[in-house]
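J.: I'd like to ask some things about the structure below.
Residue numbers (the numbering used here), protein chains in the order written: chain E, 4 to 82; chain W, 151 to 631.
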């Protein structure tokens with residue numbers, strides 16, 4: 004049994020993960036129908052795969068690579 | 151921490167040149183207005199039967215157009231590259247169409263009828279939810295919702311970077327519908343004035359420095375019920391958003407359990423991608439959002455909602471309201487950003503609470519459908535590669551048709567080459583044709599996607615796009631020569 008909620012687990016680890024170069028976000032998602040922690044990265048790298056855990060406080064950690072996020076007015080900034 | 155101006159950095163590049171292409175119209179035989187461009191995949195202009203097809207079309211045009219179910223007639227090429235008379239029909243198996251005319255083959259193409267679907271880039275009063283809007287110094291975003299305060303005042307709800315130009319706006323500035331990129335001017339097209347915005351906290355990020363934190367990119371503009379509707383378009387929208395937010399059984403105007411949003415099917419109607427559907431994939435999201443090209447200026451957004459997947463939104467959809475994809479249409483989030491796989495949105499409960507407003511879902515009559523509008527579409531889209539030794543140039547030729555498949559002059563075509571940072575535009579000449587080019591290419595291929603077409607009197611109906619070469623009339627690829 005996990006001793007913590009996933010919200011608390013995210014709160015404890017988010018700052019640490021956001022400080023890693025290439026990490027652009029964190030959140031709570033689903034993995035096989037159950038809650039998981041999510042780390043958004045600009046792109047996959049072996050270094051991030053090595054430095055990010057597979058499980059944190061009993062919750063699976065899913066890594067999502069989607070590039071950088073930009074606002075979405077017409078002619079998006081940054082594109 | 152600093153407040154960053156966004157309006158000065160919005161790119162709007164354009165390269166224009168004009169050429170002629172023989173395509174599915176008899177107008178293609180007019181003298182060229184620029185260098186003659188040959189279609190990459192055919193030798194249309196060299197076909198000796200083009201003239202015969204044009205003559206056959208002219209001779210039989212009136213009779214064909216009088217045939218019930220026929221919506222247009224033109225001249226094009228069949229897959230073998232032979233000139234044919236093209237007959238466009240609103241349904242399959244229209245009777246009375248010959249297989250050939252004066253020994254020129256007839257090719258039937260079912261295009262449907264050119265209905266006047268809502269065009270959210272146009273001006274409309276009252277302005278529907280999901281239509282183009284913007285501060286005078288930006289390009290365009292989306293009307294998220296009509297919201298109201300306790301006194302009954304109504305407001306446009308959208309993003310700070312849409313209504314307040316990313317902190318540049320002053321309270322009282324105009325709110326234009328459509329947004330400036332879509333032709334809105336101040337004060338003629340005002341539907342409101344900037345009333346309040348949550349300041350965007352943006353700053354440098356990197357080398358151990360965290361960007362400033364935010365909860366939302368949101369603003370409201372004071373409006374009226376005569377200028378602003380509270381429903382998405384009646385023909386292709388989702389209806390009126392529910393005044394009650396999703397998952398608030400306690401009625402305290404906050405989500406009872408934000409994690410309950412996970413997996414929720416959602417929808418939105420936006421200025422660019424119109425009605426799209428997705429799913430909440432992540433909640434409690436912290437995401438760093440780049441507010442300049444090189445991502446030097448960043449805002450960190452906490453407690454966000456992430457919606458999957460690519461295609462749910464695109465540039466111009468900023469400010470759209472995301473609601474549940476069910477009969478209830480409960481508000482969920484305010485769209486403001488995205489990356490390659492996700493759309494990011496602010497929690498709508500926090501946004502509404504910030505401005506002390508609620509979604510105005512009262513049962514006022516929905517906005518009337520747009521008046522019948524003459525439409526235009528892409529009638530041909532071709533690409534050609536020319537070599538310059540170690541580099542090459544892609545030349546894209548676009549033909550714009552009206553609803554009767556006649557060439558349209560003065561249409562401004564905008565699109566983007568693969569790998570390009572900026573869009574490119576050109577304006578059609580008397581033959582309905584214009585070209586865009588991208589030079590110094592070193593890639594094995596390049597593609598060009600038409601993102602929009604504007605005209606002083608005609609409305610772009612992308613769903614009617616067609617290409618006699620078999621493409622969709624929206625994207626064309628060119629191989630390195």
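Glycine included, each C-beta is placed from N, C-alpha and C at the ideal position.
With DSSP run on the structure shown, which of helix, strand or coil describes residue 630 of chain W?
T.: Three-state result, residue 630 of chain W: coil.
J.: With C-beta atoms as the reference, is residue 312 of chain W less than 9 Å away from residue 342 of chain W?
T.: Cβ atoms of residue 312 of chain W and residue 342 of chain W: not closer than 9 Å.
J.: What does DSSP give as the partner residues of residue 598 of chain W in its beta bridges?
T.: Its beta-bridge partners are W:567 and W:626.
J.: If we call anything under 9 Å between Cβ atoms a contact, is residue 416 of chain W one with residue 30 of chain E?
T.: The answer is no: Cβ separation not under 9 Å.
J.: Does any C-beta atom of chain E lie closer than 9 Å to the C-beta of residue 569 of chain W?
T.: No, no contact with chain E.
J.: Taking the alpha helix (DSSP H) that residue 205 of chain W falls in, what are its first and last residues?
T.: Where residue 205 of chain W is concerned, the enclosing alpha helix (DSSP H) stretches over 200-215.
J.: Please list, in chain order, the chain W residues whose beta carbon lies closer than 7 Å to that of residue 35 of chain E.
T.: Result: empty, since nearest Cβ-Cβ is about 12 Å, beyond 7 Å.
J.: State the beta-bridge partners of residue 240 of chain W as determined by DSSP.
T.: Paired residue(s): none; residue 240 of chain W is not in a bridge.
J.: For the segment 471-479 of chain W and the segment 438-451 of chain W, state whether three or more C-beta atom pairs, one from each stretch, are separated by less than 8 Å.
T.: Contact between the segment 471-479 of chain W and the segment 438-451 of chain W is absent, because fewer than three Cβ pairs lie under 8 Å.
J.: Check whether the Cβ atoms of residue 308 of chain W and residue 319 of chain W lie closer than 9 Å to each other.
T.: Not a contact, by the Cβ cut-off of 9 Å.
J.: Can you give me the Cβ contacts of residue 403 of chain W inside the same chain, cut-off strictly under 8 Å, excluding the 5 residues immediately before and after it?
T.: Only 395, 499, 502, 503 and 508 meet the Cβ criterion.
J.: Would you mind stating whether residue 480 of chain W and residue 33 of chain E have Cβ atoms separated by less than 9 Å?
T.: It is not a contact, given that the beta carbons lie outside the stated cut-off.
J.: Use the C-beta contact count for residue 56 of chain E: other C-beta atoms within 10 angstroms, 16 or more gives buried, fewer gives exposed.
T.: Counting Cβ neighbours within 10 Å, residue 56 of chain E comes out exposed, since fewer than 16 surround it.
J.: Please report the distance separating the alpha-carbon of residue 410 of chain W from that of residue 240 of chain W.
T.: Going from the Cα of residue 410 of chain W to the Cα of residue 240 of chain W covers about 45 Å.
J.: For chain W, find out if any of its Cβ atoms is closer than 9 Å to the Cβ of residue 55 of chain E; answer yes or no.
T.: No, because no Cβ of chain W sits closer than 9 Å to the Cβ of residue 55 of chain E.
J.: Are residue 26 of chain E and residue 43 of chain E closer than 9 Å when you measure CB to CB?
T.: Taking 9 Å as the Cβ cut-off, residue 26 of chain E and residue 43 of chain E qualify as a contacting pair.
J.: With the cut-off set at 9 Å, would you say residue 324 of chain W and residue 282 of chain W are in Cβ contact?
T.: No, Cβ-Cβ distance for residue 324 of chain W and residue 282 of chain W is not below 9 Å.
J.: Closer than 7 Å by C-beta to residue 206 of chain W: which residues in its own chain qualify, once you throw out the five before and the five after it? Chain order, please.
T.: 235, 251, 252 and 254, listed in sequence order.
J.: What in chain E is Cβ-close to residue 456 of chain W, meaning under 7 Å?
T.: In chain order: 30.
J.: Leaving aside the five residues before and after residue 62 of chain E along the sequence, list all residues of the same chain whose C-beta is less than 8 Å from its C-beta, in chain order.
T.: Contacts found: 5, 9, 12, 38, 39 and 40.
J.: Quick one: what's residue 298 of chain W bridged to in DSSP?
T.: DSSP, once it has assigned bridges, lists W:304 and W:508 as partnering residue 298 of chain W.
J.: Under a three-way DSSP split, which group does residue 412 of chain W fall into?
T.: Looking at residue 412 of chain W - three-state DSSP - the assignment turns out to be coil, as it is neither helix nor strand.
J.: With contact counted as at least three CB pairs below 8 Å, one residue from each stretch, are the segment 522-535 of chain W and the segment 613-623 of chain W in contact?
T.: Flag = yes, the segment 522-535 of chain W and the segment 613-623 of chain W touch.
J.: Within the segment 533-594 of chain W, note down every full beta strand (DSSP E) run reaching 3 residues or more, in order along the chain.
T.: Entirely contained in the segment 533-594 of chain W, the beta strand (DSSP E) runs reaching 3 residues are, in chain order, 541-552, 562-567, 574-577 and 583-591.
J.: Output, in sequence order along the chain, the residues in the segment 293-324 of chain W whose CB is closer than 9 Å to any CB in chain E.
T.: For the segment 293-324 of chain W, which is checked against every Cβ of chain E, the residues closer than 9 Å are 309, 311, 312 and 316.
J.: Does any C-beta atom of chain W lie closer than 9 Å to the C-beta of residue 63 of chain E?
T.: Chain W contact via Cβ: absent.
J.: Let me make sure I understand the geometry here. Which of W:435, W:585 and W:420 has the alpha-carbon closest to that of residue 14 of chain E?
T.: Ranking the options by Cα distance to residue 14 of chain E, first place goes to W:435.
J.: When we look at the beta-carbon of residue 386 of chain W and count the other beta-carbons within 10 Å, is it buried (16 or more) or exposed?
T.: Classification of residue 386 of chain W: exposed, given that the 10 Å Cβ count is below 16.
J.: When you compare the CB of residue 70 of chain E with every CB in chain W, is at least one pair closer than 9 Å?
T.: At least one chain W Cβ lies under 9 Å of residue 70 of chain E.
J.: Is residue 428 of chain W near the ligand NAD, judged by its Cβ being under 8 Å from some heavy atom?
T.: Of the ligands one can find in the structure shown there are none, so the ligand NAD has no counterpart to examine.
J.: Using the C-alpha atoms, what's the distance from residue 75 of chain E back to residue 466 of chain W?
T.: So the alpha carbons of these two residues sit roughly 6 Å apart.
J.: Determine, for residue 397 of chain W, whether the minimum Cβ-Cβ distance to residues of chain E falls below 9 Å.
T.: Chain E, which has no Cβ nearer than 9 Å to the Cβ of residue 397 of chain W, makes this no.
J.: Only counting runs of 3 or more residues, tell me where the beta strand (DSSP E) segments fall wholly within the segment 464-491 of chain W, in order along the chain.
T.: Taking only runs of at least 3 residues, the beta strand (DSSP E) segments lying wholly in the segment 464-491 of chain W are 471-474 and 481-488.
J.: CB-CB under 8 Å to residue 376 of chain W, same chain, minus the five flanking residues each way: which ones, in chain order?
T.: Closer than 8 Å at Cβ, skipping near neighbours: 275 and 276.
J.: Pick out whichever of W:543, W:261 and W:322 has its Cα sitting closest to the Cα of residue 346 of chain W.
T.: Looking at the Cα atoms, W:322 is the closest of the given residues.
J.: What does DSSP give as the partner residues of residue 530 of chain W in its beta bridges?
T.: The partner list for residue 530 of chain W (beta bridge, DSSP) reads W:549.
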